[in-house]
Amino acid sequence: MRTPWGKAQTVRAIADGIRVVSTASHGGMKLDAARNRLIPEALRRASGWYEEDCEAAIVVAHFAPEFAAAQSERGEASAEAIDALREQAWGVVRNYFPAGYEVATGRTLAPGESVERDGEQFHERHREDWVVIAALGEADGVHCIATRGGVRGDVEERTFLVAREEYETRSRHGFVIDPARHRRIDDAAEGPGVSG
């Protein structure tokens, strides 16, 4: 079987129209056309292929009874097992596909319910701030390389010195430099007490 990740090494039928595949490099799930139509359009992949890292949760959320039964030694699952599997899958969908989740469920996510949404909001709030993109632990603290908005690529970079204890409090989305408190230490820095 050909997959988006190369030739399948294993193919496992979970139920009619649901296959789990693995290749030498990656894997995922394949839904037949009938099963794929049951996925809300906001979350549906037109090809019926769902990669294993995050998209597979879309499939599990919609077909939790089939997956719970496939995991059971007896081929059947309790309502509690199905609910737990479904909730775990929806958690991944909320985290990584927040817009699709909101359209598919009609529910607006609150702050803290989606890693991806929280990251988008963090970067929107700090698009003009110096956000760390790389950090090096040194004897005098953490040397933080930052760009405006945390943008990577051919953009201006500045290096700041941050106390190790403070840097360790950073959020999962990044660390925002406060130029009034964090000393600039790169070659372009100017002013008394600034080292190159």
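Position 59, counted from 1, in the sequence shown is what UniProt numbering calls 59; the numbers after and before it change by one each time, with no gaps.
Note that the Cβ used here is the ideal one computed from N, Cα and C, for glycine as well.
- Shown here, residue 105 sits in a helix according to DSSP, grouped into three states.
- With contacts defined as CB atoms closer than 8 Å, residue 59 and residue 31 qualify as a contacting pair.
- For residue 137, the enclosing beta strand (DSSP E) stretches over residues 130-138.
- Counted as a single uninterrupted DSSP element, the stretch harbouring residue 151 is not any alpha helix (DSSP H), since DSSP gives it neither H nor E.
- Counted as a single uninterrupted DSSP element, the alpha helix (DSSP H) harbouring residue 67 occupies residues 64-71.
- Less than 8 Å divides the Cβ of residue 176 from the Cβ of residue 131.
- Within the same chain, and ignoring the five residues on either side of residue 171 in sequence, the residues whose Cβ sits closer than 8 Å to its Cβ are 122.
- Here residue 163 carries a coil assignment [DSSP, helix/strand/coil].
- Shown here, residue 5 sits in coil according to DSSP, grouped into three states, outside any helix or strand.
- Residue 13 carries a strand assignment under DSSP once its states are collapsed to helix, strand and coil.
- Rounded to whole angstroms, residue 127 and residue 150 show a C-alpha spacing of 7 Å.
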